[in-house]
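Trainee:
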Amino acid sequence: MIAALTLLLVFQLAGEVIARGLGLPVPGPVIGMALLFLALLLRGGPGENLRQSAGKLLQHLSLLFIPGGTGIVLYGDLIAAEWLPLAAALVGSTFLAIVVTALVLDALIKRRKAGGSAQP
Amino acid sequence: MTPRLTELWVYLSASPLLGLTLTLVAYQAAFWLYKRAGYHPLANPVMLAIMMVATVLALSGMDYGAYFDGAQFVHFLLGPATVALAIPLYAQWPRLKAMAGPLMIALAVGSLTAALSAYGIGALLGASQPSLMSLAPKSVTMPIAMAVAEPLGGLPALAAALVMLTGVLGAVCAPYLYRWLRIDDYAVRGFAIGLASHGIGTARAFQVSEQAGAFAALAMGLNGLLTALSLPWIMPWLERLLGR
Chain A
237 MIAALTLLLV FQLAGEVIAR GLGLPVPGPV IGMALLFLAL LLRGGPGENL
287 RQSAGKLLQH LSLLFIPGGT GIVLYGDLIA AEWLPLAAAL VGSTFLAIVV
337 TALVLDALIK RRKAGGSAQP
Chain B
420 MTPRLTELWV YLSASPLLGL TLTLVAYQAA FWLYKRAGYH PLANPVMLAI
470 MMVATVLALS GMDYGAYFDG AQFVHFLLGP ATVALAIPLY AQWPRLKAMA
520 GPLMIALAVG SLTAALSAYG IGALLGASQP SLMSLAPKSV TMPIAMAVAE
570 PLGGLPALAA ALVMLTGVLG AVCAPYLYRW LRIDDYAVRG FAIGLASHGI
620 GTARAFQVSE QAGAFAALAM GLNGLLTALS LPWIMPWLER LLGR
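In order, the protein sequences belong to chains A and B. First residue of the first sequence? That's 237 in this note's numbering, and the numbers climb one at a time after it. First residue of the second sequence? That's 420 in this note's numbering, and the numbers climb one at a time after it.
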């Protein structure tokens with residue numbers, strides 16, 4: 237657990253250094269994820285310890301959003317001032333983004349499958 | 420309150436113990452309810468736990484800053500957890516590679532849909548300029564959304580709140596949308612929820628299936644990257660086009 241956490245923090249730190257050092261618009265942890273992914277490709281997969289610890293951490297991903305998410309209490313006034321356009325835009329665009337992405341991806345995968353099976 | 424109780428409260432509200440414990444207890448309670456509800460999307464644990472913590476803060480008069488002093492230890496783990504997403508991603512690598520073309524097209528279309536529909540609906544209903552620029556990046560992970568909103572004239576704080584609401588909304592509604600559209604492929608389900616509602620959607624996807632979680636994590640990362648690179652020039656161009 238501690239060894240796995242150390243490894244994750246080392247990759248996060250490396251990601252942070254690269255993101256800030258090069259002035260990239262992407263957060264350090266996302267760069268860290270890409271670096272770890274590359275390392276896994278080169279090494280041929282994670283060790284058992286890392287795999288299990290990462291699984292445990294990701295199982296409780298919901299927990300990690302509670303402190304930041306509760307910050308909504310600070311912005312009640314901002315949202316209340318324009319609640320109708322904001323609520324409509326949130327609901328409408330979240331639905332549209334999910335529906336359009338899912339339909340496009342589903343159609344492309346099915347078309348590829350149909351195309352693939354047509355070949356001998 | 421008696422003097423001794425007041426003294427105790429003063430001590431506790433200044434120590435990180437209270438905020439940290441409150442976060443974990445709210446999560447345990449919310450997860451218990453979620454489990455009891457058979458992992459029903461409407462019983463989303465992020466939403467329930469935030470409602471519980473916000474209620475406790477309102478009733479006790481504890482301010483958010485004091486709460487966050489303790490809760491930040493949990494918040495900090497978002498960094499290593501994001502890095503850890505590489506592991507399920509690696510497990511799905513053969514399928515990801517095989518689907519690379521369709522995934523890139525769905526990413527581009529979905530990312531534009533999320534930003535432009537939020538902007539369009541908001542503009543039609545008369546949202547102010549700062550609100551529109553805070554709405555545009557709301558489907559991506561919080562640090563990127565805040566960084567993208569600010570130079571466009573949005574409010575980072577409002578962007579953060581809209582990101583959070585989008586995450587919960589997507590996690591709650593996506594399962595119904597998939598049932599309605601008859602989408603059964605966990606890769607597709609995961610990718611769409613991760614694209615539209617970032618980490619909170621990804622958390623829901625991991626509760627459903629490891630494959631859905633991996634594709635959600637991929638979509639979250641890619642949409643964050645694409646949004647950070649594209650919105651800073653798409654939004655000014657769109658504004659000029661509309662003559663605003």
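Glycine included, every Cβ here is placed at the ideal spot set by N, Cα and C.
1. Answer yes or no: does any C-beta atom of chain B fall closer than 7 Å to that of residue 313 of chain A?
2. If you count every other CB in all the chains shown that lies within 10 Å of the CB of residue 318 of chain A, and 16 or more means buried, which is it?
3. CA-CA distance, residue 491 of chain B and residue 343 of chain A?
4. Between residue 355 of chain A and chain B, is the shortest Cβ-Cβ distance under 7 Å, so that the two count as touching?
5. For the segment 238 to 261 of chain A, enumerate the residues whose C-beta is nearer than 8 Å to any C-beta of chain B, in chain order.
6. Would the C-beta of residue 624 of chain B count as close to the ligand SAM, meaning under 6 Å from any of its heavy atoms?
7. How about residue 637 of chain B and residue 508 of chain B: are their beta carbons less than 7 Å apart?
8. Could you say if the segment 635 to 649 of chain B and the segment 440 to 447 of chain B meet the contact criterion of at least three C-beta pairs nearer than 8 Å?
9. Judging by CA-CA distance, which residue of A:284, A:340 and A:333 is the nearest neighbour of residue 592 of chain B?
10. Tell me, please, whether the CB atom of residue 267 of chain A is closer than 7 Å to any CB atom in chain B?
11. Under 7 Å, CB to CB, which of the residues in the segment 317 to 341 of chain A have a partner in chain B?
12. When you compare the CB positions of residue 533 of chain B and residue 615 of chain B, do they come within less than 7 Å of one another, or not?
13. Could you tell me the boundaries of the alpha helix (DSSP H) in which residue 262 of chain A lies?
14. Just to confirm my understanding: we take residue 252 of chain A, look at its own chain, exclude 5 residues before and 5 after, and list those with CB closer than 8 Å. What are they?
Mentor: Walking through what the data contain:
1. Numbered from 1 along the first sequence, position 77 holds the residue referred to as residue 313 of chain A. Not one chain B Cβ lies under 7 Å of residue 313 of chain A.
2. The count along the first sequence starts at 1 and reaches residue 318 of chain A at position 82. Buried is the call here.
3. Your numbering for residue 491 of chain B matches position 72 in the second sequence. Your numbering for residue 343 of chain A matches position 107 in the first sequence. Their Cα atoms are separated by approximately 42 Å.
4. Residue 355 of chain A sits at position 119 when you count from the first residue of the first sequence. Because the pLDDT of residue 355 of chain A is 45, which lies under 50, any placement of that residue in the model is unreliable, and the question is left without a value.
5. The segment 238 to 261 of chain A vs chain B, Cβ under 8 Å: 241, 244, 245, 247, 248, 251 and 261.
6. With respect to the ligand SAM, the structure offers nothing, as it holds no ligand at all.
7. In the second sequence, the residue the question calls residue 637 of chain B occupies position 218. In the second sequence, the residue the question calls residue 508 of chain B occupies position 89. Taking the C-beta atoms as reference points, residue 508 of chain B is found nearer than 7 Å to residue 637 of chain B.
8. No, because fewer than three Cβ pairs between the segment 635 to 649 of chain B and the segment 440 to 447 of chain B fall closer than 8 Å, the two stretches do not touch.
9. Indexing the second sequence from 1 puts residue 592 of chain B at position 173. Minimum Cα distance to residue 592 of chain B is reached at A:333.
10. Here residue 267 of chain A refers to the residue found at position 31 of the first sequence. Chain B contact via Cβ: absent.
11. When CB distances to chain B are screened at a threshold of 7 Å, the residues of the segment 317 to 341 of chain A falling below it are 318, 320, 321, 322, 324, 325, 326, 327, 328, 329, 330, 331, 332, 333, 334, 335, 336, 337, 338, 339, 340 and 341, in chain order.
12. Against the second sequence, residue 533 of chain B aligns to sequence position 114. Against the second sequence, residue 615 of chain B aligns to sequence position 196. In contact: residue 533 of chain B and residue 615 of chain B (Cβ atoms closer than 7 Å).
13. As a working mapping, residue 262 of chain A is identified with position 26 in the first sequence. The continuous stretches of alpha helix (DSSP H) do not include residue 262 of chain A, and DSSP gives it neither H nor E.
14. As a position in the first sequence, residue 252 of chain A is number 16, starting the count at 1. Counting only Cβ-Cβ distances below 8 Å, and skipping sequence neighbours, we find 264, 265, 267 and 268.
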